[in-house]
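Below is one structure, written out as structure tokens; comments come after it.
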Amino acid sequence: MKIRKFVLLGSLVAACLLLLTLQMRGYGSAARDAFAVVTAPIQTGLAKASRATFGLWATYLDWKNVRAENRRLREEVQELRVQGLRVTETSDENRRLRRLLALQEHLPLTTLSGEVIAREWGGWIRSLTVNRGRGDNVPRLTAVISPSGLIGRVVDVRPGVSIVQVLTDPTSTVGAHVLRTRTPGIVEGDPRGTLRFKFMARDGASIQTGDVLVTAGQGGLFPRGIPIGTVRTIDNRGAALFHYAEITPAVDFARVDEVLLVTGDAQHDLTAFFPAGG
Amino acid sequence: MRALLVLTIAGGSVAHATLTPLVSIAGVTPDLPLIMVVLLALRRGPEFGSLSGFVTGLLQDAAGGGLIGVQAMTKAVIGFSIGAAGARLRVSQPLVQVPGLVVLTIAEGLARFALLQIFRFPAPFGELMMYVVLPQALCNGFVGAAVVLALAWAQTVRGRLEGSRA
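Structure follows, in structure tokens:
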């Protein structure tokens, strides 16, 4: 049994030596060719299989990477959108504040800038809450304006805040006149949240849609010449003493964020300081 | 079982040549057929060890493009030696497996070099030992130990499964 093992080993070694000797004497190519006939198809198959397997794996990894990248990019896009919104918001605020500052600097009035911090928009009352109050020496009935025109008046002063009655409040009335014709009248708010101009029929015969209304400045509450709105429609009531005109407000009360409170003397004509008045 | 063994030996050797780049670790390729021959020789004895070593080496030679017969002879001798000494070797310990495979790889490298010299095949000894044989020996040591541990684990699992079935 032991001899068989050694005989086998001896045979194998002898076969190897024979193979090596044959190769050294130039007979190796035939043996190699014979091996190649057997091994080449196996190698080709294995190479294809490994390539396919690793190709699949690579595809899976790529897909996984793409997915992860996609998620990352989505998050980045989301972040950039938020940043973009912030930039837009800041830019808008900057623009509004610049306009407000420009108006404040040009107006021949003592004014105090304020920020709208709350809105009461129910219909019964239409008001804004501004972050200027008793501590800022804001007097009651102070006129409140914006670069676009008149907003209303302060009706209540509290510590830290003031309540501004907006022109569209149902109890709000402001003396006004048509800029083009000087037709006097009263601008009233109504519960629908719109403005109407009440004027005497004999005075307002020539009022047209698109005419600009500005404050009359009588009574000393509002400076003269602050835009209130433009005539949208005229309600001709025939022989009635008073006629009415629907007014489109110069200020979008729902969107106004920064205001000026006219804290000083209001006896000035401001027509030239507002675009509508120019 | 025999068919599976033949497939393992033949397929493993050819696969080693084909899939070499995929199994290299830090640029060093373990000699998987050598590890396979050692394991088979330990389990099945010197005859099977020498025969499997011969076939494996022959296929490796053919696939590699060198002198056919060099690795066939070295691996046949290694398979025989390990198979013959198998009963006296304690190969279940990684502390034996790693240095054992390192020594075997170096011995095979030296034998290959000697054969190449005898048959006047050019081979730089120092560089071969430094950049090929020694790194491969270390690699074989660790990969071989891992394979032995994996086989032992597989056997344990198999034993448990069979036990639970019974």
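Protein chains in written order, with our numbering: chain A, 1 to 278; chain B, 1 to 166. Note that beta-carbon positions come from the ideal geometry of N, C-alpha and C, so glycine has one too. Keep in mind that this is a model prediction, so the values were computed, not measured.
Within chain B, the residues placing a beta-carbon under 8 Å from that of A/VAL13 are MET73, ALA76, VAL77, ordered along the chain.
Between A/VAL154 and A/ARG134 a beta carbon distance of about 11 Å is seen, past the 8 Å cut, so the two are scored as non-contacting. Listed as beta-bridge partners of A/PHE197 by DSSP are A/VAL187, A/ALA245. Judged by DSSP in its simplified three-state form, A/LEU8 adopts helix. Around the CB of A/VAL38, fewer than 16 other CB atoms lie within 10 Å, so the residue is classed as exposed. According to the DSSP assignment, A/THR215 belongs to the beta strand (DSSP E) that extends over 212 to 215. Close partners of B/VAL70 in chain A (Cβ separation under 8 Å): CYS16, LEU20. Taking a 10 Å sphere around the C-beta of A/GLY185, we find 16 or more other C-beta atoms and assign the residue as buried.
Annotated three-state conformation of A/VAL256 is coil, per DSSP. When secondary structure is reduced to three states using DSSP, A/THR53 falls in the helix class. Between B/MET73 and A/VAL7, the C-beta gap is not smaller than 7 Å, which leaves the two residues out of contact.
Scanning B/LEU116, B/VAL143, B/ILE68 for the CA closest to the CA of B/ILE35 turns up B/VAL143. Pairwise C-beta distances place the segment 198 to 209 of chain A out of contact with the segment 150 to 165 of chain A, as fewer than three of them are shorter than 8 Å. Taking the Cα positions, A/PHE54 is about 14 Å away from A/GLY45. Residue pairing by DSSP places A/ILE234 opposite A/ALA245 in a beta bridge.
Closest option to B/GLY109, judged by alpha-carbon separation, among B/VAL133, B/PRO124, B/GLY100: B/VAL133. Interface residue (Cβ-Cβ distance to chain A less than 7 Å): B/PHE113 is not classified as such. No residue range can be given for A/ARG132, since it is assigned to no alpha helix (DSSP H) and is classified by DSSP as neither H nor E. Straight-line spacing of the CA atoms in A/VAL259 and A/GLU76 works out to 37 Å.
In this structure, A/SER113 keeps its C-beta atom at 7 Å or more from the C-beta atom of A/VAL166. Chain order gives the chain B residues near A/LEU9 as PRO46, SER50, ALA76, VAL77, PHE80, where near means a beta carbon separation below 8 Å. Per DSSP, the continuous beta strand (DSSP E) segment holding A/TRP121 begins and ends at 111 to 121. In the three-state reduction of the DSSP assignment, A/VAL138 falls in the coil class.
The beta carbons of A/LEU213 and A/ALA254 sit no closer together than 7 Å. The Cβ atoms of B/PHE48 and A/LEU9 lie no closer than 7 Å to each other. For A/PRO170, the three-state secondary structure derived from DSSP is coil. With fewer than 16 other Cβ atoms inside 10 Å of its own Cβ, A/GLN218 counts as exposed. With respect to chain B, the C-beta atom of A/LYS5 has a partner C-beta closer than 7 Å. DSSP, reduced to helix, strand and coil, places A/LEU150 within a strand of the structure shown.
Spanning the alpha carbons of B/GLY126 and B/ALA137 requires a straight line of approximately 15 Å. Boundaries for B/VAL133: no alpha helix (DSSP H) harbours it, and the DSSP string shows neither H nor E there. Close to A/ARG32, with beta-carbon spacing below 7 Å, are these residues of chain B in chain order: ALA62, ILE68. In this structure B/ILE68 is buried. Its beta-carbon is surrounded by 16 or more other beta-carbon atoms within 10 angstroms. At a Cβ-Cβ threshold of 7 Å, A/THR215 and A/ARG224 count as neighbours.
For B/VAL55, the three-state secondary structure derived from DSSP is helix. Spatial neighbours of B/VAL37 in its own chain (CB-CB distance under 6 Å, excluding positions within 5 residues in sequence) are listed in chain order as SER52, GLY53, THR56, LYS75, GLY79.
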